[in-house]
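J.: Just dropping this structure here.
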Amino acid sequence: MPNEIDRIVIFGHTGFIGRHLERFLKEKHPELEIIGASLPSVDLTKDSAPVKGLFGMKTAVIMLSALKREHGDNLDNFLKNVKMAVNVCKQIENNPVKRFIYFSSAAVYGEDVQNLSINEDSPVTPTTYYGIAKHSCERLLRKATGSGKGSALTILRPPIIYGPGDNSGYSPSGFAKTAMRGETIKLWGDGTEKREFIFVEDVARAVEKLVLNNHDCTLNLASGKSYTFAEIIDELSKLTNSEIKVESRKRTKEKADHGFENTALLKVFPEFSFTPLSEGLKKTIDAIKGGTE
């Protein structure tokens, strides 16, 4: 591996994705210093957050830190999410890093948009405070790293990420936990809206490739395959050899299908392959059974 970096800083290393990413990078690259920076020791919403000494031109930064929609899709959390990016941008402008990977979200395209071929040039029309904040942070970081100081920025826009340790309720992981407790899964409508689901181990593999190579781009971190929530339940039923109880709830929004193109991603990593849904779900189920998730 080129010795362009000797340190990787992960903001948000204690979250679902961050835990997998930190463990994966430490196992694969013991020669690198992997630093996790998260609450309570590092609060990026504070101007005084102790991050100055972490940056430098031998450092790659991965920013996962964010207040998710589960914490409330409101103006206060919008401001906190943007504040995190503002404080990081201040540090980048004074202390550039070799590479910066920002976890944005597919929410920037709009959650109510009907589109089965979303690519990086699709209209950005976020409809939630969370999505608006993510796009605002993208623009701030692009501005801060685009000053000719050598910081390469990769913006990732992933769809729904699932796997062991995911605490989301309305997701493949949440459905698996509910089903294995023998409880009823509550679907919006008939569950036939299409979404893309990415296994967390694939996210870690993709990020590893990005931190080890210079890329300055925006990428949909997507396989190009979408499934309905009803199909997720069918697959879980097969894997657990059980009949899963399902209850339909009246939709509060119009049904919208999402699908992604990953042409840009495959141009960057032509050989990259994604974990099949059935395999990812099986690994998730096994982790729940074994208490290792």
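My numbering applies: residue 6 is where the sequence shown begins, and numbers increase by one.
Every residue, glycine too, gets a C-beta built ideally from N, C-alpha and C.
Going by DSSP in three states, V93 sits in which element: helix, strand or coil?
T.: For the purposes of this step, residue 93 is taken as residue 88 along the sequence shown, with counting starting at 1. It is helical.
J.: What are the start and end residues of each continuous beta strand (DSSP E) run of 3 or more residues lying completely inside the stretch 60-117, in chain order?
T.: Segments of the beta strand (DSSP E) lying fully in the stretch 60-117: 64-68, 104-108.
J.: If you count every other CB in all the chains shown that lies within 10 Å of the CB of I259, and 16 or more means buried, which is it?
T.: By one-based count along the sequence shown, residue 259 stands at place 254. The identity of residue 259 in the sequence shown is Glu, whereas the question assumes Ile. Classification of E259: exposed, given that the 10 Å Cβ count is below 16.
J.: Expressed to the nearest angstrom, what Euclidean distance is found between the alpha-carbon atoms of S247 and G170?
T.: For the purposes of this step, residue 247 is identified with residue 242 of the sequence shown, where counting begins at 1. For the purposes of this step, residue 170 is identified with residue 165 of the sequence shown, where counting begins at 1. Using only the alpha carbons, I get a separation of about 23 Å.
J.: How far does the beta strand (DSSP E) with G41 in it extend, from its first residue to its last?
T.: Position 36 of the sequence shown, counted from the first residue, corresponds to residue 41. G41 -> beta strand (DSSP E) spans 38-42.
J.: Compare the C-alpha of P55 against each of N218, I40, K63 and name the closest.
T.: Along the sequence shown, read from residue 1 onward, the residue named residue 55 stands at position 50. Considering only alpha carbons, the answer is I40.
J.: To the nearest angstrom, how far is it from the Cα of T133 to the Cα of F83?
T.: The sequence position of residue 133 within the sequence shown is 128, counting from 1. The sequence position of residue 83 within the sequence shown is 78, counting from 1. Going from the Cα of T133 to the Cα of F83 covers about 9 Å.
J.: Does the Cβ of R200 have 16 or more other Cβ atoms within 10 Å, making it buried, or fewer, making it exposed?
T.: Within the sequence shown, the letter at position 195 stands for residue 200. R200 should be labelled buried.
J.: Which whole-angstrom value describes the C-beta separation of F387 and T297, a residue pair presumed to lie in contact below a C-beta threshold of 8 Å?
T.: Residue 387 lies beyond the stretch modelled for the chain, which goes from 6 to 298, so this question has no answer here.
J.: Along the chain, where does the alpha helix (DSSP H) that runs through I10 open and close?
T.: Your numbering for residue 10 matches position 5 in the sequence shown. Where I10 is concerned, there is no enclosing alpha helix (DSSP H), given that its DSSP letter is neither H nor E.
J.: Alpha carbon to alpha carbon, how far is M6 from E198?
T.: Sequence index remark: in the sequence shown, residue 6 carries index 1 (1-based). Sequence index remark: in the sequence shown, residue 198 carries index 193 (1-based). Its pLDDT being 44, under 50, M6 is placed unreliably in this model, and the value from its coordinates should be taken loosely. Distance between the alpha carbons of M6 and E198 is about 43 Å.
J.: Fully enclosed by the stretch 255-283, which beta strand (DSSP E) runs are 3 residues long or longer?
T.: Taking only runs of at least 3 residues, the beta strand (DSSP E) segments lying wholly in the stretch 255-283 are 263-265.
J.: Does the stretch 25-33 come within contact of the stretch 204-215, defined as at least 3 CB pairs closer than 8 Å?
T.: With the cut-off at 8 Å, the stretch 25-33 and the stretch 204-215 touch.
J.: Assuming L226 and P163 form a contact by the criterion Cβ under 8 Å, report the distance between their Cβ atoms to the nearest whole angstrom.
T.: Walking along the sequence shown from the start, residue 226 turns up at place 221. Walking along the sequence shown from the start, residue 163 turns up at place 158. The pair is a contact, with the Cβ atoms about 4 Å apart (cut-off 8 Å).
J.: Should N267 go down as buried or exposed, given a rule of 16 or more other Cβ atoms within 10 Å for buried?
T.: Here residue 267 corresponds to residue number 262 of the sequence shown, with the count starting at 1. Burial call: buried.
J.: Helix, strand or coil: how does DSSP classify T189 here?
T.: Position 184 of the sequence shown, counted from the start, is the residue given in the question as residue 189. It is coil, neither helix nor strand.
J.: Beta-carbon within less than 8 Å of V91's beta-carbon, same chain only, minus the 5 sequence neighbours each way: which residues are those?
T.: Taking the sequence shown and counting its residues from 1, the one referred to as residue 91 is at position 86. For V91, where only same-chain residues beyond five positions count, the Cβ hits under 8 Å are L145.
J.: Using DSSP's beta-bridge definition, name the partner residues of Y232.
T.: Within the sequence shown, the letter at position 227 stands for residue 232. DSSP output for Y232 lists R200 as bridge partner(s).
J.: Starting from the Cα of K3, find the closest Cα among A184, T50, V47, V14 and give me that residue.
T.: In the structure as shown, the chain begins at 6 and stops at 298. Residue 3 is therefore absent and cannot be evaluated.
J.: DSSP has E252 in a bridge; who is on the other side?
T.: In the sequence shown, counting from the first residue as 1, residue 252 sits at position 247. In the DSSP output, where bridge partners are listed per residue, E252 has K191.
J.: Under the assumption that G179 contacts P101 (Cβ atoms under 8 Å), give the Cβ distance between them as a whole number of angstroms.
T.: Position 174 of the sequence shown, counted from the start, is the residue given in the question as residue 179. Position 96 of the sequence shown, counted from the start, is the residue given in the question as residue 101. 40 Å between Cβ atoms; not a contact.
J.: Spatial neighbours of H140 within its chain, please: C-beta separation below 8 Å, excluding the five flanking residues on both sides.
T.: Against the sequence shown, residue 140 aligns to sequence position 135. If we look at H140 and ignore the five residues flanking it on each side, its Cβ neighbours are S109, V113, V129, P131.
J.: Which of the three DSSP states, helix, strand or coil, is assigned to T130?
T.: Residue mapping note: residue 130 aligns to position 125 of the sequence shown, counting from 1. If DSSP states are grouped into helix, strand and coil, T130 belongs with coil.
J.: Could you give the DSSP three-state label for V14: helix, strand or coil?
T.: Reading the sequence shown from its first residue, position 9 is the one you call residue 14. Strand, per DSSP.
J.: Would you mind working out which of L224, K95, I137, E240 sits nearest S53, comparing C-alpha positions?
T.: The residue given as residue 53 occupies position 48 in the sequence shown. Ranking L224, K95, I137, E240 by Cα distance to S53 puts K95 first.
J.: Measure from the alpha carbon of G136 to the alpha carbon of each residue in K63, H76, E116, then state which is nearest.
T.: Locating residue 136 in the sequence shown gives position 131, counting from the first residue. Checking every option, the nearest Cα to that of G136 belongs to E116.
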